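Colleague: Chains as they are written, first to last, in the numbering used here: chain F, 1 to 224; chain P, 1001 to 1224. Ideal placement from N, C-alpha and C gives every residue a C-beta, glycine not left out. If you're wondering where the values come from, they're calculated on a predicted model, not measured in any experiment. First, the structure itself, so that you have it in front of you.
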DNA sequence: ACCTGAACACCGTTCAAGT
DNA sequence: ACCTGAACACCGTTCAAGT
C-alpha cells in the first residue's frame, strides 16, 4: 500500500559499458566518426564526461567495443556450405560496413581486436572444411581477410564522401568525372573504365573479388 | 664591388609546399602519425604555425601530398612482364609501407588521391596486357587493389604496434601468445595456426595472396 | 562504488599585423 | 606575396570533490 513507492523511475539506465557503447554507436551511425566525442556522448547519456571513464578506459577501447558489437552480431548468421559460408561472411561484413561506415575504418586500425579474430576464424575454418591443404590454409585465410578489410575500408571512405555530397549514384558520377579529368596518356586504363563507373555495383564487384580468390584457391589446390 | 652583397645567406630555404611535405615525411617516419602536428612541423621549419597554411590548405592535403610523394616514386620502377609487373608493383607498395607505415593508413583513408589512381592504373593496364577479357578487367583490378590496400593497412597497424613494443619477431610472438589465449572451442582455426606465426614471413604471405588472385584471374579466363 | 564537472595539456585553424 | 604568432574553438583525459 505504499503509494509513494519507487515513483522515481529508478533510472533504469544506470551507466554501464553496454549502454555507453550503444549510445556511441547511435552517434557514429547518425553523425559519423567526427561527431563521437566524450562530451557529446556524455550529453546524450545525461552525465558528466568523466563518468564514462569509469566504465571505459579510453576512446580506443570505446571504438573497439562498438566494432566488436556490430561484427559479433553478423558472425552469428553466416550459413551454408564452406564456399557459400565464406561468401555469406564476406557479404555480411560488407553490408555491415555499408550500414556503419566507421566500422570499416576501425577494423583496419585495430587488427588485434576480437572482431578481426572472429572474421579470421570463420574464414579459416571454412577453408579447412573446403579441403584446402594444411600448409596453404594460413595464406589463403590471410588473403581473404586482407581483401575483405581492404574493400571494407575503401567502402567506408567512399561512404564518408557520399555522406558529405548527396546520394550514392551522384557521388559515383562525381568520381567518374574526376577520373575523366586525369591525363589520358598517363591513365589510359582508368579512362577506359570510367564510363562504367556510374552503372557499377559495389556489392557485386566485392563478391566478384571473393570469387576470384576462391577460384585461385581452388586452382592452386588442384595444382594448376 | 659591394662588400655587403647578399651575405644574409638568402635562406635558400624559403618555404615551399615541397619543403613542407619533406619535413612532414621526416616527422612521420621518425616519430609516427601522432607526432605530426602543425606546431612540430613549424618548429622543424623554423617558422610560425600559420605560415604553413599559405602553402597547404590543411592537414588532410598535407598527408595526401606526403603519400603521393612516396607512392609516386615507387610506381616508376616496377618492371617486367605483365604478371611480374603486378607482383613488382605490389611488392613495391608493401615495402614502401613497411618503411613508412603511415602511408598504409592514409591510403585507405583517402581513396580518391592520386596515389590510389596510379596503383589502379598500373595494375589495370597490366591486366589488359595479360589478356584478361574486357568485361573482367575492372573487377580484377579492383580485387587486386582492394587486396593490396587491405594488406597495407594491416601491416601499417602492426608496424604501429611493433614501434610501441620492441622488434618484429618479439611482437609476432606477443600476438601468437594472445591468440593462444582465445577460447580453443570457439577459435580452433586460430589455435592451429598460432604456433606458425613467429616463423611466418609477412612479405611472402602478402605475395602468396597476390598469386592466389592471379591464379583466380587466370582460372576464370580459361573458364574453369 | 560510482558520478560530477572544472581543469589541464594539446590540437587544427584563423587572422590581424607585420615585412 | 609571404610570414608571424597570438587567439579561438575544440579535443581526450585527469582528478579532487561529491553522493
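For residue 1116(P), which residues in the same chain have their Cβ closer than 7 Å to its Cβ, ignoring the five residues on either side in sequence?
Modeller: As a first step, residue 1116(P) must be located in the second chain, where it is residue number 116. Once the five neighbours on either side are set aside, the close Cβ partners of residue 1116(P) are 1107.
Colleague: Give me the Cβ distance between residue 148(F) and residue 100(F), rounded to the nearest whole Å; I'm assuming they're in contact under 8 Å.
Modeller: Within the first chain, residue 148(F) is the residue found at index 148, counting from 1. Within the first chain, residue 100(F) is the residue found at index 100, counting from 1. The pair is not a contact, with the Cβ atoms about 15 Å apart (cut-off 8 Å).
Colleague: Taking all protein chains shown into account, decide if residue 1004(P) is buried (16 or more other Cβ within 10 angstroms of its Cβ) or exposed.
Modeller: To locate residue 1004(P), count along the second chain from 1; it is residue 4. In this prediction, residue 1004(P) scores a pLDDT of 30, lower than 50, which makes its location untrustworthy; the coordinate-derived value is nonetheless stated afterwards. Classification of residue 1004(P): exposed, given that the 10 Å Cβ count is below 16.
Colleague: Just to make sure I have the definition right: I need the residues of chain P whose C-beta is within less than 7 Å of the C-beta of residue 73(F). Which are they?
Modeller: Here residue 73(F) refers to the residue found at position 73 of the first chain. What residue 73(F) touches in chain P: nothing, since even the nearest Cβ is about 16 Å away.
Colleague: Whole angstroms is fine: what's the gap from residue 218(F)'s alpha carbon to residue 205(F)'s?
Modeller: Along the first chain, read from residue 1 onward, the residue named residue 218(F) stands at position 218. Along the first chain, read from residue 1 onward, the residue named residue 205(F) stands at position 205. C-alpha separation (whole angstroms): 20 Å.
Colleague: Taking Cβ-Cβ distances shorter than 8 Å, what residues in chain F pair up with residue 1053(P)?
Modeller: Mapped onto the second chain, residue 1053(P) falls at position 53. Ordered by position in chain F, no residue passes the 8 Å Cβ test against residue 1053(P), which lies about 20 Å from the chain.
Colleague: Is the region 1132-1152 of chain P touching the region 1168-1184 of chain P in the sense that three or more CB pairs, one from each, lie closer than 8 Å?
Modeller: Contact between the region 1168-1184 of chain P and the region 1132-1152 of chain P is absent, because fewer than three Cβ pairs lie under 8 Å.
Colleague: Who are the neighbours of residue 1172(P) on chain F, taking C-beta pairs under 7 Å?
Modeller: Mapped onto the second chain, residue 1172(P) falls at position 172. Correct list: empty, because the minimum Cβ distance to chain F is about 12 Å.
Colleague: Which of the three DSSP states, helix, strand or coil, is assigned to residue 1129(P)?
Modeller: One-based indexing of the second chain puts residue 1129(P) at position 129. Looking at residue 1129(P) - three-state DSSP - the assignment turns out to be helix.
Colleague: Helix, strand or coil, according to DSSP, for residue 16(F) in the structure here?
Modeller: For the purposes of this step, residue 16(F) is identified with residue 16 of the first chain, where counting begins at 1. In this structure, residue 16(F) counts as coil in the three-state DSSP scheme.
Colleague: Distance check for residue 1042(P) and residue 1048(P), CA to CA, integer angstroms please.
Modeller: Your numbering for residue 1048(P) matches position 48 in the second chain. Your numbering for residue 1042(P) matches position 42 in the second chain. One C-alpha to the other measures close to 5 Å.
Colleague: Hey, quick one: how far does the alpha helix (DSSP H) through residue 1212(P) stretch, first residue to last?
Modeller: Start at 1 with the first residue of the second chain, and residue 1212(P) comes out as number 212. It spans 1202-1221 - the alpha helix (DSSP H) in which residue 1212(P) sits, taken as one unbroken run.
Colleague: Going along the chain, which residues of its own chain have a beta-carbon closer than 8 Å to the beta-carbon of residue 1025(P), five neighbours each way excluded?
Modeller: On the second chain, position 25 is the one that residue 1025(P) refers to. The answer, listed in chain order, is 1066, 1069, 1070 and 1100.
Colleague: When you compare the CB positions of residue 51(F) and residue 102(F), do they come within less than 8 Å of one another, or not?
Modeller: Translated into positions along the first chain, residue 51(F) becomes position 51. Translated into positions along the first chain, residue 102(F) becomes position 102. No, the pair does not count as a contact, with Cβ atoms beyond the cut-off.
Colleague: Under a Cβ-count criterion, where at least 16 other Cβ atoms within 10 Å of its own Cβ denotes burial, should residue 1122(P) be classed as buried or exposed?
Modeller: By one-based count along the second chain, residue 1122(P) stands at place 122. Per the 10 Å Cβ criterion, buried.
Colleague: For residue 202(F), which option in 151(F), 17(F) and 22(F) has the closest C-alpha, if you only look at C-alpha atoms?
Modeller: As a working note, residue 202(F) is residue 202 in the first chain. Per the Cα distances, 151(F).
Colleague: Applying a beta-carbon distance threshold of less than 8 Å, which residues of chain F neighbour residue 1060(P)?
Modeller: Taking the first residue of the second chain as 1, we reach residue 1060(P) at position 60. Residues of chain F passing the Cβ test: none, with the nearest at roughly 12 Å.
Colleague: Is it right to say residue 111(F) is buried, meaning 16 or more other beta carbons lie within 10 angstroms of its own, or is it exposed?
Modeller: Position 111 of the first chain holds residue 111(F). So residue 111(F) ends up on the buried side.
Colleague: Please list, in chain order, the chain F residues whose beta carbon lies closer than 7 Å to that of residue 1205(P).
Modeller: Position 205 of the second chain, counted from the start, is the residue given in the question as residue 1205(P). Near residue 1205(P) (Cβ distances below 7 Å), the residues of chain F are 139 and 142.
Colleague: Looking at C-alpha atoms only, which residue of 1114(P), 1113(P) and 1138(P) is the closest neighbour of residue 1125(P)?
Modeller: Locating residue 1125(P) in the second chain gives position 125, counting from the first residue. Cα-wise, what sits closest to residue 1125(P) is 1138(P).
Colleague: Tell me the DSSP secondary structure of residue 21(F) in three-state form.
Modeller: Numbered from its first residue, the first chain carries residue 21(F) at position 21. It is helical.
Colleague: Excluding sequence positions up to five away, which residues of its chain have a Cβ less than 6 Å from the Cβ of residue 1031(P)?
Modeller: Residue mapping note: residue 1031(P) aligns to position 31 of the second chain, counting from 1. The answer is none, since no qualifying residue turns up.
Colleague: For residue 100(F), decide whether its Cβ has a neighbour in chain P, counting only Cβ atoms nearer than 8 Å.
Modeller: By 1-based counting over the first chain, the position of residue 100(F) is 100. Not an interface residue.
Colleague: Which bits of chain F does residue 1175(P) rub up against, with CB to CB less than 8 Å?
Modeller: Your numbering for residue 1175(P) matches position 175 in the second chain. Within 8 Å Cβ-Cβ: 112.
Colleague: Which term fits residue 98(F), buried or exposed, when burial requires 16 or more other beta carbons within 10 angstroms of its beta carbon?
Modeller: For this step, residue 98(F) is matched to residue 98 along the first chain. With 16 or more Cβ atoms within 10 Å of its Cβ, residue 98(F) is classed as buried.
Colleague: Would you say residue 94(F) lies against chain P (beta-carbon separation less than 8 Å)?
Modeller: One-based indexing of the first chain puts residue 94(F) at position 94. Residue 94(F) does not count as touching chain P.
Colleague: Between residue 1082(P) and chain F, is the shortest Cβ-Cβ distance under 8 Å, so that the two count as touching?
Modeller: Within the second chain, residue 1082(P) is the residue found at index 82, counting from 1. Not one chain F Cβ lies under 8 Å of residue 1082(P).
Colleague: Given a cut-off of 8 Å on the beta-carbon distance, is the pair residue 75(F) and residue 128(F) in contact?
Modeller: Counted from its first residue, the first chain places residue 75(F) at position 75. Counted from its first residue, the first chain places residue 128(F) at position 128. Cβ atoms of residue 75(F) and residue 128(F): not closer than 8 Å.
Colleague: Distance, Cα to Cα, residue 1196(P) vs residue 83(F)?
Modeller: One-based indexing of the second chain puts residue 1196(P) at position 196. One-based indexing of the first chain puts residue 83(F) at position 83. Cα to Cα, the separation comes out at about 25 Å.
Colleague: Mind checking the region 116-128 of chain F against chain P and listing, in chain order, the residues whose C-beta falls within less than 7 Å of any C-beta there?
Modeller: Result list: 117, 120, 121, 124, 125 and 128.
Colleague: Given a cut-off of 8 Å, decide if residue 1215(P) and residue 216(F) are closer than it, judged by their beta-carbon atoms.
Modeller: Reading the first chain from its first residue, position 216 is the one you call residue 216(F). Reading the second chain from its first residue, position 215 is the one you call residue 1215(P). Yes, Cβ-Cβ distance for residue 216(F) and residue 1215(P) is below 8 Å.
Colleague: Helix, strand or coil for residue 157(F) per DSSP?
Modeller: As a first step, residue 157(F) is located in the first chain; it is residue number 157 there, counting from the start. Residue 157(F) falls in the helix class under three-state DSSP.
Colleague: Using three-state DSSP, classify residue 110(F) as helix, strand or coil.
Modeller: Counting from 1 along the first chain, the entry for residue 110(F) is found at position 110. Residue state, collapsed to three classes: coil.
Colleague: Relative to the alpha-carbon of residue 1109(P), which residue among 40(F), 33(F), 133(F) and 39(F) has its alpha-carbon at the smallest distance?
Modeller: In the second chain, the residue the question calls residue 1109(P) occupies position 109. Closest option to residue 1109(P), Cα to Cα, is 33(F).
Colleague: Would residue 1210(P) and residue 1093(P) be called neighbours here (beta carbons separated by less than 8 Å)?
Modeller: By one-based count along the second chain, residue 1210(P) stands at place 210. By one-based count along the second chain, residue 1093(P) stands at place 93. No, the Cβ-Cβ distance between residue 1210(P) and residue 1093(P) is not below 8 Å.
Colleague: By how many angstroms is the C-alpha of residue 213(F) removed from the C-alpha of residue 58(F)?
Modeller: To locate residue 58(F), count along the first chain from 1; it is residue 58. To locate residue 213(F), count along the first chain from 1; it is residue 213. Roughly 38 Å between the two C-alpha positions.
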